[in-house]
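Be aware that the sequence shown starts at -3, since it is given in the numbering used here, and climbs by one per residue.
Idealized CB from N, CA, C, for every residue including glycine.
The next block holds one structure in the form of structure tokens; read it before the comments.
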Amino acid sequence: TRTAPVNVHLTLLVVYSLLLTAAGLWIGRLVRGSGDFFVAGRSLSAPLLFSTMLAANIGAGTTVGAAGLAYQQGISAWWWNGSAAIGSLALAFWIGPRMWRLASEHNFYTAGDYLEFRYNGAVRGITGSLIWLGTLAILAAQLLAGAAVLDVVAGVSKPAGIMIGAVVMTVYFVAGGLLSSAWVNVLQLIVLIGGLLVAVPLLYSGVGGEAAFAGMATPHPEYWNIMYSTGSGMSGWAMLAMLTPAFIVSPGLLQKTYGAKDARAVRVGIGAQAGAQMLFAFIPVFFGLAARASGMQIDSQNAVLPAVLANELPVFIGA
């Protein structure tokens, strides 16, 4: 395994993080009130809604996590992102347009506003507490995945990596809420999708092509079964059942839906995002399989994707 110069990886990651932070602060100047902060002034077009929803759904957890799961369990890891795409279809064509109309008519900013309108303040408070716990777990997964990247490329300790990710994330979001987040997501999406699409063919040929994938040792006989599910429910049908509903009624995704400029933007933007995510779902899986095909021995699930990017690709593509 070849190791690219750490200083180049780290330098580019630092520059990218500063760029995201600066973009969030700059866009934050446009925020004029709570409507801009919480729902982007209800001005998100279909393309902007597409990009911010897709970027939200394919963050650190779903790229680093899905690649690691594919390395351990096989192609059934597709369901990590595939389930989100199926849930997004229901949001786009069933739940989303109705929720957008209610939010526009009654000036809802959050999912809690809807719950209080539909039920009462007690339901809002109880649900808000449950959402807080769930969001804490999701945030932890995102920050741990980001810290794994910094650990692989620069040996940064887990606590320090978590703090760095938290600071960058907090600054650009607090600066402008959904408005700044939506535009920063465009930048993130261009870098993420563009980089991965360039990396896939390079990695495929670099690890030995079809012969390497066909001849690689697999950890269990169901590795190539897309419906395989472990006893702990980590992939296949179990993941479909667990994750699909979350992407239909997720408070964060509903709030982005509130920010659309009209119901058509909801249908077109989120619907197109669902299709794109179904295709994207194969990419993290490919990286997990490529780690197996290259013969890499990796103990930590979160280290699989950053290890492949840092060690099996040209330095600028990997970074």
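Check whether G284 and A19 have beta carbons under 8 Å apart: Reading the sequence shown from its first residue, position 288 is the one you call residue 284. Reading the sequence shown from its first residue, position 23 is the one you call residue 19. In this structure, A19 does not lie closer than 8 Å to G284 by Cβ.
Buried versus exposed call for Q293 [16 or more other C-beta atoms within 10 Å across all chains shown]: The residue you call residue 293 lines up with position 297 of the sequence shown. Exposed, because fewer than 16 other Cβ atoms sit within 10 Å of the Cβ of Q293.
Among I23, L65, A51, G121, which one has its Cα closest to the Cα of T226? Here the question's residue 226 lines up with position 230 in the sequence shown. The residue from I23, L65, A51, G121 with its alpha-carbon nearest to that of T226 is L65.
Determine whether the beta carbon atoms of G265 and M95 lie at a separation below 8 Å. Locating residue 265 in the sequence shown gives position 269, where the first residue counts as 1. Locating residue 95 in the sequence shown gives position 99, where the first residue counts as 1. Result no, Cβ atoms of G265 and M95 do not sit closer than 8 Å.
Reduced DSSP secondary structure (H/G/I, E/B, other) of L188: Start at 1 with the first residue of the sequence shown, and residue 188 comes out as number 192. Looking at L188 - three-state DSSP - the assignment turns out to be helix.
From N298 to L140, what does the alpha carbon distance come to, in whole angstroms? By one-based count along the sequence shown, residue 298 stands at place 302. By one-based count along the sequence shown, residue 140 stands at place 144. So the two alpha carbons sit approximately 8 Å from each other.
Just list the residues that DSSP pairs A256 with in beta bridges. The residue given as residue 256 occupies position 260 in the sequence shown. BP columns for A256 point to L40.
In this structure, does DSSP put M292 in helix, strand or coil? Reading the sequence shown from its first residue, position 296 is the one you call residue 292. In the displayed model, M292 falls within coil according to three-state DSSP, outside both helix and strand.
Looking at the unbroken alpha helix (DSSP H) that takes in E308, where does it start and where does it end? Numbered from 1 along the sequence shown, position 312 holds the residue referred to as residue 308. According to the DSSP assignment, E308 belongs to no alpha helix (DSSP H), since it is labelled neither H nor E.
Are N221 and G61 closer than 8 Å when you measure CB to CB? In the sequence shown, the residue the question calls residue 221 occupies position 225. In the sequence shown, the residue the question calls residue 61 occupies position 65. 8 Å or more divides the Cβ of N221 from the Cβ of G61.
When we look at the beta-carbon of V170 and count the other beta-carbons within 10 Å, is it buried (16 or more) or exposed? Here residue 170 is taken as the residue at index 174 of the sequence shown, counted from 1. Exposed is the call here.
Skipping 5 residues on each side, what residues in its chain have a beta carbon closer than 7 Å to that of I244? What you label residue 244 is simply residue 248 of the sequence shown in a count that begins at 1. So the qualifying residues of the chain are G83, A86, L87, I91.
At 4 residues or longer, what runs of the alpha helix (DSSP H) sit wholly inside the segment 138 to 226? Complete alpha helix (DSSP H) runs here, min 4: 154 to 202, 205 to 211.
Alpha helix (DSSP H) segment containing G61, residue limits: As a working mapping, residue 61 is identified with position 65 in the sequence shown. Membership of G61 in the alpha helix (DSSP H) is indicated by the continuous run 56 to 69.
Using only CA atoms, which one of L146, A81, Q138, V35 lies nearest to A315? Here residue 315 is taken as the residue at index 319 of the sequence shown, counted from 1. The residue with the shortest Cα to Cα distance from A315 is L146.
Does G20 come out as helix, strand or coil in the three-state DSSP assignment? Numbered from its first residue, the sequence shown carries residue 20 at position 24. Three-state result, G20: helix.
Of the choices A107, G142, A137, R114, whose alpha-carbon is the least far from that of S125? As a position in the sequence shown, residue 125 is number 129, starting the count at 1. Distance check between S125 and each of A107, G142, A137, R114 places A107 closest, using alpha-carbon atoms only.
Would A99 be called buried (16 or more neighbouring beta carbons within 10 Å of its own) or exposed? For the purposes of this step, residue 99 is taken as residue 103 along the sequence shown, with counting starting at 1. Under this definition A99 is a buried residue.
Beta-carbon separation of Y168 and T59 under 8 Å? To locate residue 168, count along the sequence shown from 1; it is residue 172. To locate residue 59, count along the sequence shown from 1; it is residue 63. Result no, Cβ atoms of Y168 and T59 do not sit closer than 8 Å.
Rounded separation between L25 and F89 - CA only: Position 29 of the sequence shown, counted from the first residue, corresponds to residue 25. Position 93 of the sequence shown, counted from the first residue, corresponds to residue 89. For the sequence presented, residue 25 should be read as Arg rather than Leu. So the two alpha carbons sit approximately 34 Å from each other.
Go through its chain and collect everything with a Cβ distance to V196's Cβ below 7 Å, but skip five positions before and after it. Counted from its first residue, the sequence shown places residue 196 at position 200. Result list for V196: I279, F282, in chain order.
Report yes if the C-beta distance between A36 and A144 is below 8 Å; otherwise report no. Taking the sequence shown and counting its residues from 1, the one referred to as residue 36 is at position 40. Taking the sequence shown and counting its residues from 1, the one referred to as residue 144 is at position 148. Contact annotation: A36 and A144 have beta-carbon atoms that are not nearer than 8 Å.
Residue burial classification, L199 (beta-carbon count within 10 angstroms, cutoff 16): One-based indexing of the sequence shown puts residue 199 at position 203. L199 comes out buried.
The segment 146 to 159 / the segment 300 to 309 touching (three or more Cβ pairs under 8 Å): The way I'd put it, the segment 146 to 159 does touch the segment 300 to 309; three or more beta-carbon pairs between them come closer than 8 Å.
For a test of the three-state rule: what should DSSP assign to Y115, helix, strand or coil? As a working mapping, residue 115 is identified with position 119 in the sequence shown. If DSSP states are grouped into helix, strand and coil, Y115 belongs with coil.
Helix or strand or just coil, what does DSSP make of A0? The residue you call residue 0 lines up with position 4 of the sequence shown. Only weak support is given to the placement of A0: the predicted model assigns it a pLDDT of 47, under 50, and the question is left unresolved by the model.
Please determine, among R114, G173, L193, S201, the residue with the shortest C-alpha to C-alpha distance to A30. Start at 1 with the first residue of the sequence shown, and residue 30 comes out as number 34. The sequence as given places Ser at residue 30; Ala does not occur at that position. Minimum Cα distance to S30 is reached at G173.
What did DSSP end up calling G232 once you bin it into helix, strand or coil? As a first step, residue 232 must be located in the sequence shown, where it is residue number 236. DSSP places G232 in coil when its eight states are reduced to three.
Proximity below 8 Å, CB of L45 to CB of K252: Here residue 45 corresponds to residue number 49 of the sequence shown, with the count starting at 1. Here residue 252 corresponds to residue number 256 of the sequence shown, with the count starting at 1. Closer than 8 Å, so yes.
For P280, the three-state DSSP class (helix, strand or coil): Position 284 of the sequence shown, counting from 1, holds the residue named residue 280. The three-state reading of DSSP puts P280 in helix, counting H, G and I together.
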